[in-house]
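Residue numbers (this note's numbering), protein chains in the order written: chain B, 142 to 685; chain S, 79 to 436; chain U, 10 to 342.
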């Protein structure tokens with residue numbers, strides 16, 4: 142009883158935060174659709190679900206997301222192996238660079254992709270512009286990094302000896318992969334797949350930009366229904382559908398993702414020199430990298446192109462407010478705002494994330510307790526899978542009364558970003574905390590350490606580096622966050638992605654070049670942060 | 079067991095707060111306008127909050143002058159597009175997010191008006207009658223106007239020795255096959271405007287027109303920036319299409335030497351008018367009214383073209399020479415009544431999406 | 010038959026295995042004995058094809074194995090801790106290699122039964138590795154390794170993870186199973202008891218180099234140098250004068266160095282050496298003594314159970330010539 146009470150007390154803080162900042166707004170917005178003229182009328186919402194268009198949209202979302210997830214896995218797994226198991230030159234830098242797409246504003250990536258795939262672009266002959274294939278390509282571009290990281294880190298920690306035993310028993314490398322390696326990696330692969338699927342299914346900008354108007358997903362449809370058509374019932378129906386699917390998916394993933402064996406040894410295998418047998422994997426990785434680099438290269442080239450020639454003019458202009466003063470503040474000021482916002486979002490996400498991770502990973506003493514813990518684990522993943530539009534409008538209509546009048550708080554933006562970063566933090570910290578053998582804590586306690594001292598001497602030494610790494614992820618995710626930020630950011634203090642979006646939306650040759658230059662700056666800032674994280678990362682643990 | 083992590087959290091948060099000297103919370107309030115000199119001076123006082131869309135922008139100098147003259151501190155909350163703004167205002171009608179709202183246009187006006195978002199109000203100097211809304215003219219005050227017109231790359235047509243199109247119907251002419259790119263009606267405000275122009279021209283037969291347009295190779299993209307920067311020959315290195323849906327003012331931005339390389343087709347325009355209004359239940363209605371008057375002042379009106387790429391509505395305002403020379407306004411644009419738009423928007427968009435996805 | 014010629018494996022600049030040459034005839038069990046870090050495990054992994062060679066060659070029946078990947082060598086590898094596949098049942102683990110070869114399932118089932126019986130684990134087929142004791146896991150690992158009748162079985166300290174009693178029992182079983190199956194085996198270990206219990210041939214490795222190899226009793230009786238002698242369980246090495254005195258007492262010609270086992274000196278009235286008892290300790294089999302002999306120093310000695318001696322007593326000790334070994338002079342470190 143005392144344990145459960147303790148668990149609840151510990152969980153109360155994060156649950157309250159998520160309740161106020163997530164459940165309340167989403168419920169408030171969804172309720173707008175269910176309550177018509179002051180009466181509860183769910184009928185209209187259910188009718189919406191019978192519309193053929195809703196079926197089409199839902200099906201399109203599911204199949205593009207599933208395809209993109211499978212492709213991201215297919216491309217990401219070889220790269221995960223090559224970048225985490227083989228001693229390739231410069232792999233730390235490559236791993237950091239791989240995360241850049243993950244945080245680039247979708248607007249910018251969309252433009253870069255369209256320059257590549259568009260009718261006049263170098264890859265225009267493929268005829269992919271505005272096809273579902275283009276959407277899938279874009280989704281894969283954003284999410285390969287998630288697979289490489291999550292699975293790579295697990296692969297790094299994988300004991301190579303069972304594989305060698307299998308090889309000695311006559312298993313070919315392919316058979317070793319199929320019968321030993323992949324089953325051992327299953328938790329990581331399932332975890333990565335579920336996160337990628339959520340990211341894909343809730344992608345907004347990339348679907349719009351690359352799919353044109355012909356293709357709608359649940360997320361874009363919610364936006365359209367809410368802001369353009371003002372059909373709140375239909376929007377609520379789709380939001381509920383989205384939440385149900387996400388919950389089911391998370392439950393499935395939790396079932397497939399066995400809890401890490403608390404006594405499992407972390408055997409970090411030192412990366413070894415690539416051999417001839419690794420050539421196909423290395424080549425595949427190089428191809429993936431090249432494909433990922435192409436849109437970014439387009440951006441960089443675009444940012445350096447000035448009129449007929451090349452130059453740094455676009456970068457020099459970042460200190461100004463753009464052609465025809467397109468901006469209220471210079472890009473450099475926006476970068477500072479972005480960095481400050483990211484600091485806030487990071488500490489918020491870390492604070493809540495650490496608490497959640499501790500709660501979720503403490504050993505359960507009963508089935509009920511374990512259920513509570515795994516339910517909490519899933520609960521904090523929810524923000525990944527729910528429409529930013531629903532959440533954004535929900536903020537406005539539910540957090541409008543004291544003491545929760547947050548509409549005007551300058552901390553609203555970092556709060557929203559922290560909410561997005563929270564699942565990344567939790568996913569990074571739980572494997573580490575879960576990997577600490579509980580007997581170590583018991584040993585410390587038996588030697589006379591208080592609970593606080595145990596935390597300090599057993600947990601903290603193991604967890605501080607992953608905590609910094611998680612902070613890095615949160616920081617980078619905050620730097621690149623656009624959806625919620627553009628909705629909430631105040632005009633006088635826009636973040637860099639908001640400014641980039643603004644520059645791109647204003648005519649003027651220089652503005653476009655500046656937008657590209659600012660994107661390169663944002664990407665570089667992200668890469669630097671991720672590189673720092675790389676240096677701090679404990680090999681073999683921590684992934685989102 | 080249970081209090082230790084709480085203490086850990088407290089310790090961690092303290093550490094973090096110390097570190098966050100560079101955070102938003104620790105670093106004071108950078109977004110507050112620098113001036114406080116105006117406080118207490120003039121006839122008013124306190125803060126006036128303006129809700130608007132992300133394209134709102136006025137020179138700092140003018141804002142400072144307003145604050146000094148009126149004694150109010152102006153706080154601008156700009157986010158999202160016009161549709162987002164309309165939704166925000168409609169959802170928060172009971173507890174408004176600001177004192178005044180700018181940026182509701184004639185395509186979105188009827189929804190917030192229907193929700194009772196705006197309070198009746200008449201500005202000191204009335205703008206010309208031609209921009210006023212038939213329904214809600216007593217609440218929403220026109221500030222600026224911009225027409226969405228088909229633009230052509232005149233240089234491209236000269237080079238090809240082809241006469242550019244002139245009307246909406248020309249666009250279905252096989253001579254202009256595969257030359258047009260338009261932003262989507264469901265995803266972009268100018269896209270919606272262009273769609274409304276076709277509705278005004280063809281009435282209920284618009285689906286046939288759009289079928290012909292698409293059969294003639296029209297390309298529909300997500301947003302204006304995709305169309306203009308991604309596909310338009312005059313603005314994109316990789317562009318392949320010399321006909322694009324853009325604004326009447328766009329030719330002023332493609333001036334090269336003493337001529338513009340593009341032109342707006344003035345017979346294809348739909349006029350968008352942006353309005354400002356005082357919110358019902360505003361904390362500072364007097365401030366909001368002063369704000370509206372300021373937006374109609376000659377200084378602000380004359381600053382609109384360079385700040386927001388729109389034409390002023392007040393007759394006394396001046397426009398830049400490039401605009402006067404190269405970006406004439408349409409004299410007889412297409413019109414669709416806001417009520418009609420509101421009544422049909424959903425059905426139109428559904429049908430339109432079906433037509434373009436076919 | 011397995012042949013190693015000048016096999017060298019380097020990690021960076023340091024050779025882990027340095028020009029090792031060895032031969033192993035079919036049906037024999039060779040133990041490579043050496044302290045931890047001497048390169049014996051690397052040697053085993055090189056034979057398995059898990060470590061690329063920096064020099065030399067490994068051959069089977071005269072055919073060079075360079076370029077033959079691990080899974081095509083037909084050698085089975087058994088790790089120290091078994092390395093059972095945790096996600097497969099015992100039966101599935103044992104059947105792993107058979108399934109790879111697409112053996113019909115009826116034959117697989119029969120073979121698994123047979124193997125589990127061989128290692129004394131009949132009826133364990135449906136258990137998961139996590140539910141087994143250390144000894145049981147090693148038996149399963151052995152059954153798994155034997156399933157496809159490998160040409161050579163490679164054993165990496167197969168018993169060292171087990172406790173003493175279990176180790177002794179399993180050692181006997183293992184030897185019997187290997188003999189019954191007629192399997193050729195290469196075993197690496199740091200424990201000479203394990204080597205003696207399982208192998209008929211012995212190779213001693215130190216710092217990556219092979220220092221001695223031969224039939225197990227040969228090596229055991231004639232260690233090449235002091236370090237080897239001590240590693241093989243000799244208790245003490247005497248030099249010069251002390252060595253000559255002990256050898257003389259055993260009736261042997263003098264030599265510069267001699268290695269003594271603990272039981273080389275026996276308290277016996279017929280002996281020729283006089284010594285003073287320093288300490289005495291009773292074990293289940295004999296009484297172990299430390300004695301001080303004139304001109305020699307402190308030595309180990311044993312006495313039959315029931316002998317009553319206490320510190321300070323004067324005793325006579327006999328020298329057992331079969332329990333000492335004259336060391337070659339050149340091997341002096």
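Note that beta-carbon positions come from the ideal geometry of N, C-alpha and C, so glycine has one too.
Between residue 126 (chain S) and residue 155 (chain S), the C-beta spacing is not below 8 angstroms.
With a cutoff of 8 angstroms on beta-carbon distance, residue 226 (chain B) and residue 296 (chain B) are scored as near each other.
Less than 8 angstroms divides the Cβ of residue 268 (chain U) from the Cβ of residue 336 (chain U). Here residue 213 (chain B) is buried. Its C-beta has 16 or more other C-beta atoms within 10 Å.
Residue burial is scored here from C-beta neighbours: residue 163 (chain B) has at least 16 other C-beta atoms within 10 angstroms and is therefore classed as buried. In the pairwise beta carbon analysis, the segment 176-196 of chain S is classified as touching the segment 352-368 of chain S: at least three pairs are separated by under 8 angstroms. Residue 413 (chain B) sits in a strand when the DSSP states are folded into three classes. Note on residue 338 (chain B): 16 or more other CB atoms within 10 angstroms of its CB, so buried under the neighbour-count rule.
Within the segment 303-328 of chain B, the residues whose Cβ lies closer than 8 angstroms to any Cβ of chain U are, in chain order, 303, 305, 306, 307, 308, 309, 310, 311, 312, 313, 314, 316, 317, 320, 321, 324 and 325.
Note on geometry: alpha-carbon atoms of residue 419 (chain S) and residue 185 (chain S) lie some 6 angstroms from one another. For residue 284 (chain B), the enclosing alpha helix (DSSP H) covers residues 273-297.
Around the C-beta of residue 426 (chain S), 16 or more other C-beta atoms lie within 10 Å, and the residue is accordingly described as buried. Rounded to whole angstroms, the separation of the alpha carbons of residue 205 (chain B) and residue 523 (chain B) is 20 angstroms. Residue B:359 holds the alpha-carbon nearest to the alpha-carbon of residue 529 (chain B) among B:313, B:232 and B:359.
By DSSP's assignment, residue 352 (chain S) forms a beta bridge with S:183 and S:222. Note on geometry: alpha-carbon atoms of residue 519 (chain B) and residue 334 (chain B) lie some 15 angstroms from one another. Secondary structure note for residue 621 (chain B): it is in no beta strand (DSSP E), and the uninterrupted alpha helix (DSSP H) holding it is 601-621.
Under a criterion of Cβ atoms nearer than 7 angstroms, no residue of chain B is adjacent to residue 254 (chain S); the nearest Cβ is some 16 angstroms distant. Looking only at U:116, U:15, U:162 and U:212, the smallest Cα-Cα distance to residue 62 (chain U) is reached by U:15.
Short of 8 angstroms from the beta carbon of residue 167 (chain S), and not among the five residues preceding or following it, lie these beta carbons of its own chain, in chain order: 129, 174, 175, 179, 182, 190, 193, 195 and 357. Look at residue 524 (chain B) here: in three-state DSSP terms it is helix. For residue 310 (chain S), the closest alpha carbon among the candidates S:346, S:392 and S:261 is that of S:261. Contact between the segment 195-214 of chain U and the segment 240-248 of chain U is present: three or more C-beta pairs spanning the two stretches fall below 8 angstroms. Listed in chain order, the non-local C-beta contacts of residue 282 (chain B) below 6 angstroms within the same chain comprise 242, local neighbours out to five positions each way being set aside. Closest in C-alpha terms to residue 458 (chain B), from the list B:614, B:656, B:317 and B:428, comes B:656.
The Cβ neighbour count for residue 185 (chain U), taken over all protein chains shown within 10 Å, is under 16; the residue is labelled exposed.
For residue 481 (chain B), the number of other beta carbons within 10 angstroms of its own is at least 16, and it is reported as buried. Assigned with DSSP and collapsed to three states, residue 67 (chain U) falls in strand. Under the Cβ criterion (8 angstroms, minimum of three pairs), the segment 286-300 of chain S counts as touching the segment 349-358 of chain B. By the neighbour-count criterion, in which 16 or more other beta carbons inside 10 Å mark a residue as buried, residue 362 (chain B) falls on the buried side.
For residue 379 (chain S), the enclosing alpha helix (DSSP H) covers residues 376-386. With a beta-carbon spacing of about 26 angstroms, residue 430 (chain S) and residue 327 (chain S) fall beyond the 8 angstroms limit used to define contacts.
Residues of the segment 505-526 of chain B that bring their beta carbon within less than 8 angstroms of a beta carbon in chain S are absent altogether.
DSSP places residue 49 (chain U) in the uninterrupted alpha helix (DSSP H) bounded by 49-57. In this structure the segment 174-185 of chain B does not lie against the segment 301-314 of chain B, because fewer than three pairs of beta carbons, one per stretch, are closer than 8 angstroms.
Relative to residue 155 (chain U), the option among U:137, U:323, U:120 and U:246 whose CA is nearest is U:120.
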